[in-house]
Structure formats: structure tokens, C-alpha cells
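> Note that the protein sequences, when read in sequence, are chains A and B. Just so you know, this note's numbering puts 24 at position 24 of the first sequence, and the rest follows in order with no gaps. Just so you know, this note's numbering puts 129 at position 129 of the second sequence, and the rest follows in order with no gaps. For each residue, glycine too, the CB sits at the ideal point set by N, CA and C.
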Amino acid sequence: MNWASWDNFLAMGGYAFYVWGSYLAALGLVIAEIVLLALRKRKVLGRLRAGRPGSR
Amino acid sequence: MNWFKYSSPQSFFPLAGTLAFWFGALALAACAAGLYIGFFRAPTDAQQGEAYRIIFIHVPAAWMSMFLYLVMAFWAGLGLAFNTRLSGMMASAIAPTGALFTFLALWTGSLWGKPTWGTWWVWDARLTSELILLFLYFGFMALQAAIDDPRRADKAGAVLALVGVVNIPIIYFSVKWWNTLHQGASVSLTKAPTMAATMLAGMIVMAFGFWFYSIAAALMRARCIMLERERASDWTVEYARGSA
């Protein structure tokens with residue numbers, strides 16, 4: 001086991017800023033991409049349902 | 001089985017949805033396993049302490065940034081050669097995810113460089129060529145966005161994507177061809193890896209997680225593009241009404 005405690009884990013041996021800065025950026029970007037894709041799909045589906053040729 | 005059936009957006013659309021779901025589930029499982037190995041099984045590095053744990057994001061992201069570019073250029077080239085509708089859509093669908101991983105490779109590299117090299121950034125060959133890769137992705141997306149006719153946008157984008165392929169071997173071999181601050185490859189096809197087995201395992205499993213995620217995200221985006229581009233056909237309207 002690498003970590004004696006929860007605090008020990010979060011501290012990352014003094015490199016918390018660098019390690020968590022990397023992991024949080026990855027998580028944030030992935031969540032942002034999924035949300036943007038969901039919004040994009042919702043938008044195009046809304047337009048298709050509205051069905052106005054001018055807006056299509 | 002007739003694979004050409006799936007070269008039409010209408011028949012590929014439902015398949016893409018099913019595949020996106022399952023690859024998304026696989027990505028979640030692989031990333032959970034990879035993070036477990038990376039944080040709880042892989043030992044502390046003798047020289048870098050815990051800072052090296054950035055590797056489980058950094059290396060898979062960098063691999064994906066190059067791999068996705070090649071896949072994007074492959075689809076773009078296929079579309080240019082055979083004028084198939086779906087190929088251009090796939091190329092456009094991959095670009096933003098490729099840019100995401102390129103940015104992530106640079107970002108995590110910077111956060112890793114500060115504690116280990118003492119600098120956020122240097123203009124060495126590896127870092128500079130990876131930055132050029134990010135600009136190639138942005139250039140591809142900007143060029144496509146600037147052209148109204150999707151088929152013409154696909155063609156212009158394809159030429160840019162294909163020319164940019166030359167940058168991929170430059171990134172990969174940059175640490176051999178030039179004297180870089182960035183270290184050489186720890187894992188390569190030609191020699192045994194120079195790292196602990198559990199560290200390597202965590203990295204490989206995370207790479208699979210990122211790969212599966214990329215497939216899922218690209219297919220989700222491809223579905224949006226299909227709906228947008230085929231908005232004048234009946235099947236998209238029927239799908240939209242059916243999913244209300």
C-alpha cells in the first residue's frame with residue numbers, strides 16, 4: 001500500500017499541485033467534451049423537430 | 001456481411017450509437033483499472049517521488065494525440081480518394097478529441113516539467129513539434145469551419161490533414177534526432193521497456209482507456225455531424241421526432 005492516510009494520498013509527496021493539476025485537467029476536459037456533445041445533439045434534434053426548411 | 005452498407009450515414013447512425021455506448025463503458029472500466037494500478041499498485045519513483053504519477057495521463061494522452069491524427073488523416077485521405085460522405089464526417093469527428101489529447105499532453109507535460117526539469121516550457125524539438133500538432137488540429141477545424149459547403153470543407157481539410165502527417169514521425173523521432181530536454185522513449189517496439197512492470201501496466205491500461213474514450217467521443221460527434229449534414233433527408237427528421 002502506497003498511502004498511510006487520506007491526507008497522505010492528497011499530498012502526493014509534496015507534488016499535489018502538479019499531479020492533481022494534471023488529473024483534474026484531464027477529468028475537466030473529458031466532462032466538458034461530453035457535455036458539449038450532448039448539447040450539440042440536443043440543438044440539432046430541436047432544429048430537426050421544428051422542421052422549418054429555412055432553419056435547416 | 002456487407003460492410004459497404006455502413007458507408008451510408010443512415011445505416012451507420014444506429015450502429016455508431018451502439019458502439020459509442022459500449023466503448024464508453026469500456027473506457028470507464030479501463031480508466032478505473034488504470035487509475036487503481038497507477039495510484040495504489042505502482043510504487044513511488046526512486047528519483048521523482050510521486051510527481052512521476054503524471055505519467056499515467058501524460059504518456060497515454062501523447063500517444064493518442066499522434067494516433068488520432070493518423071486516424072483522422074486516414075479518413076480524410078479516404079474521403080479525398082473515393083469521395084465517400086462518411087469518411088469526411090469521421091475525420092471532422094476525430095479532430096476535436098485529437099486536439100483535446102494534444103492539449104492534455106502539453107498541459108501535463110508542463111506540470112511535470114516544472115518539478116523535474118525546473119521549467120514549465122522549453123523550445124526543444126519534442127515540445128515544439130507537439131505544439132505544432134495542436135496547431136494542425138486547430139488549423140484543420142478552423143479551415144473546415146470557414147467553408148460553408150461541407151463537401152468542399154472536407155476536401156480542403158483533407159489536404160491539410162495529409163500534409164500535416166509529416167509532423168507525426170518528427171514528433172516520434174524528435175528525441176532521437178535532436179538533443180532534447182525531453183527524455184527518450186521508455187517504451188518502444190524495438191527494445192524492452194525501461195520502467196517497472198506495474199508502472200508500465202498502469203500506463204498501458206490508461207492508454208486503452210483513452211483509446212476507447214476517443215472512439216466513443218468521435219462516434220458521438222460523428223452522429224451529431226450526420227444529423228446536421230443530412231438534415232434535409234427524411235431519416236434524420238424521423239429520428240428526431242422518434243426520440244422526442
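#1: Could you check where the alpha helix (DSSP H) with B/A16 kicks off and where it finishes?
#2: In the DSSP assignment, the alpha helix (DSSP H) including A/I34 goes from what residue to what residue?
#3: Rounded to whole angstroms, what's the CA-CA distance from A/S55 to B/R152? Just pull it up for me.
#4: Using the rule of at least 16 other Cβ atoms within 10 Å of the residue's Cβ for burial, across every protein chain shown, is B/V205 buried or exposed?
#5: Decide if B/A196 is buried, meaning its Cβ has at least 16 other Cβ atoms within 10 Å, or exposed.
#6: So, B/Y69 versus B/L133, is the Cβ gap smaller than 8 Å?
#7: Just to confirm, is the Cβ distance from B/M226 to B/M89 under 8 Å?
#8: Which one of B/F4, B/Y6, B/S8 and B/T18 has the shortest CA to CA distance from B/A216?
#9: Kindly list, in the order they appear in chain A, the residues whose Cβ is closer than 8 Å to that of B/E324.
#10: Tell me, please, whether the CB atom of B/W107 is closer than 8 Å to any CB atom in chain A?
#11: Rounded to whole angstroms, how far is the Cβ of B/K176 from the Cβ of B/G184, which I believe are closer than 8 Å?
#12: Which one of B/E238, B/R241, B/A207 and B/T119 has the shortest CA to CA distance from B/C31?
#13: Please report how far the alpha carbon of B/D124 lies from the alpha carbon of A/W6, in whole angstroms.
#14: Which residues does DSSP pair with B/G49 in a beta bridge?
#15: For B/W211, which option in B/D45, B/A33, B/Y52 and B/A61 has the closest C-alpha, if you only look at C-alpha atoms?
#16: Which residues of the segment 108-122 of chain B have a Cβ closer than 8 Å to any Cβ of chain A? Give them in chain order.
#17: Going by Cα to Cα distance, which pick from B/K114, B/W117 and B/T128 is closest to B/F103?
#18: Does the segment 101-120 of chain B come within contact of the segment 14-22 of chain A, defined as at least 3 CB pairs closer than 8 Å?
Quick answer:
#1: In the second sequence, the residue the question calls residue 16 of chain B occupies position 16. Per DSSP, B/A16 belongs to the alpha helix (DSSP H) from P9 to Y36.
#2: Residue mapping note: residue 34 of chain A aligns to position 34 of the first sequence, counting from 1. That run of the alpha helix (DSSP H) goes A16 to A50.
#3: Taking the first residue of the first sequence as position 1, residue 55 of chain A is located at position 55. Taking the first residue of the second sequence as position 1, residue 152 of chain B is located at position 152. Low per-residue confidence applies at A/S55: pLDDT is 48, beneath 50, and the placement is therefore not dependable enough to give any value.
#4: Position 205 of the second sequence, counted from the first residue, corresponds to residue 205 of chain B. It is buried - the Cβ of B/V205 has at least 16 other Cβ atoms within 10 Å.
#5: Here residue 196 of chain B is taken as the residue at index 196 of the second sequence, counted from 1. B/A196 comes out exposed.
#6: Within the second sequence, numbered from 1, the residue matching residue 69 of chain B stands at position 69. Within the second sequence, numbered from 1, the residue matching residue 133 of chain B stands at position 133. A contact, by the Cβ cut-off of 8 Å.
#7: Along the second sequence, one-based indexing puts residue 226 of chain B at 226. Along the second sequence, one-based indexing puts residue 89 of chain B at 89. Yes, these two residues count as a Cβ contact at 8 Å.
#8: Counting from 1 along the second sequence, the entry for residue 216 of chain B is found at position 216. Nearest of B/F4, B/Y6, B/S8 and B/T18 to B/A216, Cα basis: B/T18.
#9: Shown here, chain B extends from 1 to 244; a query on residue 324 of chain B therefore has no answer.
#10: Position 107 of the second sequence, counted from the first residue, corresponds to residue 107 of chain B. For B/W107, the answer is yes, since a Cβ of chain A falls inside 8 Å of its Cβ.
#11: To locate residue 176 of chain B, count along the second sequence from 1; it is residue 176. To locate residue 184 of chain B, count along the second sequence from 1; it is residue 184. That belief holds up - the Cβ atoms of B/K176 and B/G184 are roughly 7 Å apart, short of 8 Å.
#12: The residue you call residue 31 of chain B lines up with position 31 of the second sequence. Check the Cα spacing between B/C31 and each of B/E238, B/R241, B/A207 and B/T119: the tightest is with B/A207.
#13: In the second sequence, counting from the first residue as 1, residue 124 of chain B sits at position 124. In the first sequence, counting from the first residue as 1, residue 6 of chain A sits at position 6. If I take the Cα positions, the gap works out to 38 Å.
#14: On the second sequence, residue 49 of chain B is found 49 positions in, with the first residue counted as 1. Per DSSP, B/D45.
#15: Position 211 of the second sequence, counted from the first residue, corresponds to residue 211 of chain B. Checked all of B/D45, B/A33, B/Y52 and B/A61; the closest Cα to B/W211 is B/A61.
#16: Listed by position, the residues of the segment 108-122 of chain B near chain A (Cβ gap below 8 Å) are T108, L111, W112, K114 and P115.
#17: Reading the second sequence from its first residue, position 103 is the one you call residue 103 of chain B. Nearest of B/K114, B/W117 and B/T128 to B/F103, Cα basis: B/T128.
#18: Yes, the segment 101-120 of chain B touches the segment 14-22 of chain A.
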